[in-house]
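Take a look at the structure below.
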Amino acid sequence: VQVIGLLCRTPLKESRQELLRRVAAGGGVFKSDKGTKVQLPSANLNDIANQADDLLE
Numbered sequence: 003v004q005v006i007g008l009l010c011r012t013p014l015k016e017s018r019q020e021l022l023r024r025v026a027a028g029g030g031v032f033k034s035d036k037g038t039k040v041q042l043p044s045a046n047l048n049d050i051a052n053q054a055d056d057l058l059e
């Protein structure tokens with residue numbers, strides 16, 4: 003659910019795609035363009051899709 007929240011707060015499509023790539027690659031701590039640090043969890047993309055479906059139901 004943490005990844006879904008991050009996706010919802012990310013305005014640019016390219017940024018959302020990069021976020022998903024980094025999550026699928028194992029997560030980690032990254033610095034944003036504005037200089038803030040963001041910690042991304044590791045997650046399976048199928049699990050993220052299933053969680054999004056569950057939230058929409």
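Residue numbering for the sequence shown follows the working numbering, starting at 3 and increasing by one per position.
Every residue, glycine too, gets a C-beta built ideally from N, C-alpha and C.
| Asked | Found |
| --- | --- |
| Contact check, R18 vs L9, beta carbons under 8 Å | yes |
| As assigned by DSSP and simplified to three states, the class of L14 | coil |
| Candidates K33, N52 and L42, of which the one nearest A27 by Cα | L42 |
| First through last residue of the alpha helix (DSSP H) which encompasses A27 | A27 -> no alpha helix (DSSP H), and no H or E assigned at all. |
| Own chain partners of L21 with C-beta closer than 8 Å, once the 5 adjacent residues on each side are dropped | V5, L8, L9, T12 and L42 |
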